[in-house]
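Visitor: Note that the sequence shown ends on residue 439 in our numbering; no numbers are left out.
Quick reminder that beta carbons are idealized off the backbone N, C-alpha and C, glycines included.
Nothing here was measured: the structure is a model prediction, and the numbers come from that model.
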Amino acid sequence: MSVKIAEAPATQGVLGRMENNDHEEVLFAFDRITGLRAIIAVHDTTLGPALGGTRMWPYETEAEALNDVLRLSRGMTYKSALAGLDLGGGKAVIIGDARTQKTEAMFRRFGRFVDSLNGRYITAEDVGMSTADMVNIRKETRHVAGLPIEVGGSGDPSPVTAYGVFCGMRAAAKTAFGKDSLSGRKVAIQGGGNVGRHLAGYLVKDGAIVFITDIHEDKLAAIKAEHPAVNLVKPDAIYGLDVDIYSPCALGATVNDETLAKLKCSVIAGAANNQLADEKKHGVAVMEKGMLYAPDFLINAGGIINCAWERKGYDRNAAMKQTENIYATTLEIFKRSKAENIPTYLAANQAAERRVLSIKQAGLRS
Ligand code: NAD
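As structure tokens, this is what we get:
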């Protein structure tokens, strides 16, 4: 089967790149004293303030950091739109090593930059950031979510994210195998971090046969101690396993030319953001290989749903209940993808864009 999608025009430079995906604002933040080098991208605020985490990562080049923040912020617009939240999309990156370069002063300085956006951008945790870092940012701005429970926040969103991924995976199983139960299904989880660990728990409970890998042996040992039924595998072995479902829960871009040649699964459903190395190329390739891809921003929305509840008065049960809607939305996206013969990522993008556009066109922009 061959699938055709229109090319977006290629433009150069930061403004050109913003134009490609309609980014509203990009803030470059630098502070000599604290060593802060950050970029905040506000993609779209039609549905509400742009909420999205801050990622601290030792990017080798500024271009790499800019690419990441532009791509991730757009993903947040789509994620909140599909989850039915009244939030827009934004994201921040801090260029640096999260293990050695964090200081209170750096995060407070970063908080000042977040504050300068007057609530158009609300930050939270992403890779490399902790709830403790959010507390330091909070000293300079109230536009922060994902705070610890002790200071009135909702704590670590990962268990809720894992639950949403589990719900999305069940919808994928229903579509691919005819039954949403994961009992007896073989699932390969890449990344035994906060989300992967909780996801393994849901899967074991549902009777799935779980294979899990991580680059840190101690994380795997802890998961094995908690869930003795899981099978531990080496990081490089995860792609070649003969499984029903591959669940990327580490970093993005793990669905690429090289891994697609190895993957034997029928379903790809995980938590990592930007799993498709090249959204269009690999989204189409996955479809042509007959694999069902559950769009990452659709099924990993539990964390943002949790943050949204933190802002309106935290209610864990309500957050979990709303996260459960991911099952129905995922089924709907798969149906549309099939009916229109388009890749699932595109069906999800279009559904998100339709919601944003309808609010914009009705003049209801917040
Ligand atoms: P985490 O940092 O706790 O866990 C990631 C794990 O992946 C780590 O244990 C790390 O050692 C492991 N890892 C990294 N590279 C690997 C590789 N090549 N092979 C095997 N393991 C590898 O992060 P998390 O909070 O569990 O999030 C996982 C993913 O889900 C991230 O991409 C994150 O952006 C995304 N996500 C998380 C949330 C959330 O609520 N935590 C929400 C939405 C999306």
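Assuming T107 and R182 make a contact with CB atoms under 8 Å, what is their CB distance in whole Å?
Guide: About 5 Å; that satisfies the 8 Å criterion.
Visitor: Spatial neighbours of A425 within its chain, please: C-beta separation below 6 Å, excluding the five flanking residues on both sides.
Guide: Cβ neighbours of A425 beyond the five flanking positions: Y151, A154 and L155.
Visitor: What span of residues does the beta strand (DSSP E) with K164 cover, start to end?
Guide: K164 -> beta strand (DSSP E) spans G161 to I168.
Visitor: Find the nearest neighbour of G201 within the set I167, D309 and K212, judged by alpha-carbon distance.
Guide: Cα-wise, what sits closest to G201 is I167.
Visitor: With DSSP run on the structure shown, which of helix, strand or coil describes A358?
Guide: If DSSP states are grouped into helix, strand and coil, A358 belongs with the helices.
Visitor: Can you check whether the CB of V99 is closer than 8 Å to the CB of A114?
Guide: Yes, they are a contact pair.
Visitor: Can L324 be considered in contact with ligand 1, in the sense that its beta carbon sits closer than 7 Å to one or more heavy atoms?
Guide: Flag set: Cβ of L324 near ligand 1.
Visitor: Distance check for A392 and R211, CA to CA, integer angstroms please.
Guide: For R211 and A392, the distance between alpha carbons rounds to 23 Å.
Visitor: For ligand 1, is there a heavy atom less than 7 Å away from the beta-carbon of H355?
Guide: No; taking the cut-off as 7 Å, the Cβ of H355 has no heavy atom of ligand 1 nearer than that.
Visitor: Let's test the definition: count the other Cβ atoms within 10 Å of the Cβ of P368 and tell me whether it reaches 16, buried, or not, exposed.
Guide: With 16 or more Cβ atoms within 10 Å of its Cβ, P368 is classed as buried.
Visitor: If we count the other Cβ atoms within 10 Å of its Cβ and call it buried at 16 or more, is A79 buried or exposed?
Guide: Reliability of the predicted coordinates at A79 is poor, the pLDDT of 39 falling under 50, and the value obtained from them is presented with this limitation in mind. So A79 counts as exposed.
Visitor: Go through its chain and collect everything with a Cβ distance to M74's Cβ below 8 Å, but skip five positions before and after it.
Guide: For M74, the predicted structure reports a pLDDT of 36, less than 50, and the residue's modelled location is therefore unreliable. A value from the coordinates is still provided. For M74, where only same-chain residues beyond five positions count, the Cβ hits under 8 Å are M360, E361 and N414.
Visitor: Mind listing, in chain order, the continuous beta strand (DSSP E) runs of no fewer than 3 residues lying wholly within the segment 80-139?
Guide: For the segment 80-139, whole beta strand (DSSP E) runs of length 3 or above, ordered along the chain, are 98-104, 109-117 and 127-130.
Visitor: Tell me whether the beta-carbon of L276 lies closer than 8 Å to the beta-carbon of V283.
Guide: Against a cut-off of 8 Å, the Cβ pair of V283 and L276 comes out as a contact.
Visitor: In the DSSP assignment, find the unbroken alpha helix (DSSP H) run with K259 in it and report its ends.
Guide: Careful: K259 lies outside any alpha helix (DSSP H), inside the beta strand (DSSP E) at K259 to Q263.
Visitor: How long is the line joining the alpha carbons of V429 and F407, rounded to whole angstroms?
Guide: Whole-angstrom Cα-Cα distance: 20 Å.
Visitor: Looking at ligand 1, does it come within less than 7 Å of S231, judged from the CB to the closest heavy atom?
Guide: S231: yes, Cβ under 7 Å from ligand 1.
Visitor: Excluding the 5 residues flanking A197 on each side, which residues of the same chain have their C-beta closer than 6 Å to its C-beta?
Guide: So the qualifying residues of the chain are G126, A218, G219 and C380.
Visitor: Give me the Cβ distance between L404 and K247, rounded to the nearest whole Å; I'm assuming they're in contact under 8 Å.
Guide: About 7 Å; that satisfies the 8 Å criterion.
Visitor: I need the boundaries of the alpha helix (DSSP H) containing P232, first residue and last residue.
Guide: Element bounds for P232: S231 to F250.
Visitor: For E213, which of helix, strand or coil comes out of DSSP?
Guide: Coil, per DSSP.
Visitor: DSSP puts Y319 in a beta bridge; with which residues?
Guide: In the DSSP output, where bridge partners are listed per residue, Y319 has A261 and I341.
Visitor: Using a threshold of 8 Å, state whether the C-beta atoms of H300 and N329 are closer than that.
Guide: Taking 8 Å as the Cβ cut-off, H300 and N329 do not qualify as a contacting pair.
Visitor: Do you know how far the Cα of T234 is from the Cα of S339?
Guide: Distance between the alpha carbons of S339 and T234: 22 Å.
Visitor: State the Cα-Cα distance for the pair Y387 and G376, rounded to the nearest angstrom.
Guide: So the alpha carbons of these two residues sit roughly 13 Å apart.
Visitor: Could you please give the first and the last residue of the uninterrupted alpha helix (DSSP H) stretch that includes I296?
Guide: I296 -> alpha helix (DSSP H) spans E290 to E299.
Visitor: In this structure, how does DSSP classify I378 when only helix, strand and coil are distinguished?
Guide: Helix, per DSSP.
Visitor: Does any heavy atom of ligand 1 sit closer than 7 Å to the C-beta of H266?
Guide: Per the sequence presented here, residue 266 reads as Gly, with His not at that position. Result yes, Cβ under 7 Å from ligand 1.
Visitor: Assuming the contact rule is C-beta atoms closer than 8 Å, G161 and T119 should be a hit. Round their C-beta distance to whole Å, please.
Guide: The pair is a contact, with the Cβ atoms about 6 Å apart (cut-off 8 Å).
Visitor: Considering T176, what are the terminal residues of the beta strand (DSSP E) in which it resides?
Guide: Here T176 belongs to no beta strand (DSSP E), and DSSP marks it neither H nor E.
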